Amino acid sequence: MSNTIDFAAQTPHKYRELAPYAVHPDQSRGRRYAEPHSLSRTPFERDRDRVIHCVAFRRLEYKTQVFVNHENDLFRTRLTHTLEVAQIARSIARNLNLNEDLVEAIALSHDLGHTPFGHAGQDALNICMRDYGGFEHNLQSLLIVEELEQRYASFNGLNLTYETREGILKHCSRKHAKQLGELGQRFITGQQPSLEAQLVNLADEIAYINHDVDDGLRSQLLDLAQLEAVDLWANCRQSVTQHYPDLRGRRFIHETIRTMINHLIIDLIQTTQQHILEINPDNVDVVRHQHQALIRLSDTMAAQAAQLKQFLFNALYRHHTVMRMNSKAKHIIKKLFNAFMDDPRLLPADYQSDSIPYQARTIANYIAGMTDRYAIKEYQRLFNVNEI
Ligand code: MG
19 MSNTIDFAAQ TPHKYRELAP YAVHPDQSRG RRYAEPHSLS RTPFERDRDR
69 VIHCVAFRRL EYKTQVFVNH ENDLFRTRLT HTLEVAQIAR SIARNLNLNE
119 DLVEAIALSH DLGHTPFGHA GQDALNICMR DYGGFEHNLQ SLLIVEELEQ
169 RYASFNGLNL TYETREGILK HCSRKHAKQL GELGQRFITG QQPSLEAQLV
219 NLADEIAYIN HDVDDGLRSQ LLDLAQLEAV DLWANCRQSV TQHYPDLRGR
269 RFIHETIRTM INHLIIDLIQ TTQQHILEIN PDNVDVVRHQ HQALIRLSDT
319 MAAQAAQLKQ FLFNALYRHH TVMRMNSKAK HIIKKLFNAF MDDPRLLPAD
369 YQSDSIPYQA RTIANYIAGM TDRYAIKEYQ RLFNVNEI
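First residue of the sequence shown? That's 19 in this note's numbering, and the numbers climb one at a time after it.
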């Protein structure tokens, strides 16, 4: 049996509804290492499946979103956050006739490079790596899928398509962009990625600003009265109260949050449809050459989302309870990094090296790959004489 297949001819249902400006699977720029086509899946379905099966994906279950994993069983973790991003992105993609498989592959891999303990962990590791090129979680996600995963006989990493990797690299400093070739080019020229990549970026934001309100209320670090100062919440709360005047408690909170998510999604779809009509891109490269993203919220909704983000920053992410955990997290990361740098023999054999810059990067990879509880356990093993 032949190893190649004409997908468009064999599986027309997978192609039929894609808009001209979507990424079409038969026009993919391909993989770094050439592979025969799958007989049953498009390249982006295959990317998605590779991500789901990789170790870094399973680690997301035990990594912090805002709250450390063991603080409460119901708070979001990186894994449930990732699934929410994928759900929101897929449902918008279908409305815009974008490539849902690509959107899903990007969404499921967008946070693979996060350290334990969320942004506090990443900030601490970036400081530790100051003299060795720094640490950026976006670049780390790319490194995982390009190099660090060890699953396949003939290459390192997952050998994902260009388009999925383009979407994973959401941000990147100019310094690092210069070292990334084609993939880094748009950060130097100020151009855009595919609409699928732009979409996941905004779906990420829609997911977290909403689920952080939910987790913030559940943790009682936020209260309903405070949220009245936030326009998006206040507007949606009013609409819920109008329809269900007696609704209280968790059901009231969930109804309000789902109304907020819905408002954001509808606004995003309508605003984007307008931009697409204006530019009328007939292929994805026209999208890439724009200097502004086409997937956007309206100015009014973007301002409301920004206001909610600022509120969360002040009231939740800077809440002293969260700050205390962040401070402990930074302490753990720094102590681990310094201990391993001082004596690399403390590292598992696979991570030991003779070159100092390479050793620093290997230690960063080791620490970044840890789950919250593994990092805490490793800290205890290194610094608590009663632990082995
Ligand atoms: Mg995210």
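Backbone N, C-alpha and C define an ideal beta-carbon position, used for all residues, glycine too.
Just so we're clear, the structure is a prediction, and the values are computed from it rather than from any experiment.
Helix, strand or coil at THR389 [DSSP, three-state]: DSSP, read as helix, strand or coil, puts THR389 in coil.
Along the chain, where does the alpha helix (DSSP H) containing ASP149 start, and where does it finish? Per DSSP, ASP149 belongs to no alpha helix (DSSP H) and is neither H nor E.
Given MET278 as reference, the closest of ASP65, ARG342, ILE106 once Cα atoms are compared: For MET278, the nearest C-alpha among the options comes from ILE106.
Beta carbon of HIS307: closer than 7 Å to some heavy atom of ligand 1? No, since every heavy atom of ligand 1 falls outside the 7 Å radius drawn around the Cβ of HIS307.
Expressed to the nearest angstrom, what Euclidean distance is found between the alpha-carbon atoms of PRO366 and PHE358? Rounded to the nearest angstrom, the two C-alpha atoms are 10 Å apart.
With 16 as the cutoff for other CB atoms within 10 Å, does ASN21 come out buried or exposed? Note that ASN21 has pLDDT 45, beneath the 50 cutoff, so the model's placement of it is unreliable and the number below is only indicative. Under a 10 Å Cβ-count criterion, ASN21 is classified as exposed, with fewer than 16 other Cβ atoms of the shown protein chains found around its own Cβ.
Helix, strand or coil for ASN112? Go by DSSP, reduced to three states. Here residue 112 turns out to be Arg, not Asn, going by the sequence shown. ARG112: helix per DSSP, three-state reduction.
Please list, in chain order, all residues with a C-beta atom less than 5 Å from at least one heavy atom of ligand 1. The set of residues whose C-beta lies within less than 5 Å of a heavy atom of ligand 1 reads, in chain order, ASP129, ASP222.
Reference MET319; option with closest CA among ALA123, TYR376, TRP251: That would be TRP251, whose Cα lies nearest to the Cα of MET319.
For ASN356, which residues in the same chain have their Cβ closer than 8 Å to its Cβ, ignoring the five residues on either side in sequence? Excluding sequence neighbours, ASN356 sits near CYS146.
Rounded C-alpha distance that separates GLN203 from LEU187: Computed Cα separation, rounded: 11 Å.
What would DSSP say about MET19, mapped onto helix, strand or coil? Here MET19 scores only 36 on pLDDT, less than 50, and its place in the model is too uncertain to base an answer on.
Please report the distance separating the alpha-carbon of PHE153 from that of ARG77. Rounded to the nearest angstrom, the two C-alpha atoms are 19 Å apart.
Counting only the same chain and skipping the five closest in sequence on each side, list residues whose C-beta sits under 6 Å from that of ALA393. Cβ neighbours of ALA393 beyond the five flanking positions: PRO134, ILE350.
Would ARG96 pass as an interface residue toward chain C - the criterion being a Cβ-Cβ separation below 8 Å? In the displayed structure, chain C is absent; only one protein chain is listed.
Residue range of the unbroken alpha helix (DSSP H) whose run includes TYR180: Looking at the DSSP string, the run of the alpha helix (DSSP H) that includes TYR180 is 180-186.
Count the other C-beta atoms from every protein chain shown that fall within 10 angstroms of the C-beta of MET388, then say buried if there are 16 or more, exposed otherwise. Classified as buried, MET388 has 16 or more neighbouring CB atoms from the shown chains inside 10 Å of its CB.
As a quick exercise: from ASP303, GLN45, ASP230, ASN174, pick the residue whose alpha carbon is nearest that of ALA323. When only C-alpha atoms are compared, the closest one is ASP230.
What does the Cβ neighbour count give for PRO81, buried or exposed, with the cut at 16 atoms within 10 Å? The question names Pro, yet the displayed sequence has Lys at residue 81. A residue is called buried once 16 or more other Cβ atoms fall within 10 Å of its Cβ, and LYS81 is buried on that count.
Measuring straight from C-alpha to C-alpha, what distance separates ASP303 and ALA225? For the pair ASP303 and ALA225, the Cα-to-Cα distance works out to about 28 Å.
Quick one: what does DSSP say ARG59 is sitting in, helix, strand or coil? Residue state, collapsed to three classes: coil.
Just the C-alpha distance for ASN156 and VAL163, rounded to the nearest angstrom, thanks. Annotation: ASN156 to VAL163 spans about 11 Å, alpha carbon to alpha carbon.
Buried versus exposed, by CB contacts within 10 Å (16 or more), MET19: The pLDDT assigned to MET19 is 36, lower than 50, so where the model puts this residue is not dependable; a value taken from the coordinates is nonetheless given after this. With fewer than 16 other Cβ atoms within 10 Å, it is exposed.
If we count the other Cβ atoms within 10 Å of its Cβ and call it buried at 16 or more, is TYR262 buried or exposed? Flag for TYR262 reads exposed.
Indicate the three-state DSSP secondary structure (helix, strand or coil) for ARG336 in the structure shown. Of the three classes helix, strand and coil, the one that applies to ARG336 here is coil, per DSSP.
Are PHE62 and ASP129 closer than 8 Å when you measure CB to CB? In this structure, ASP129 does not lie closer than 8 Å to PHE62 by Cβ.
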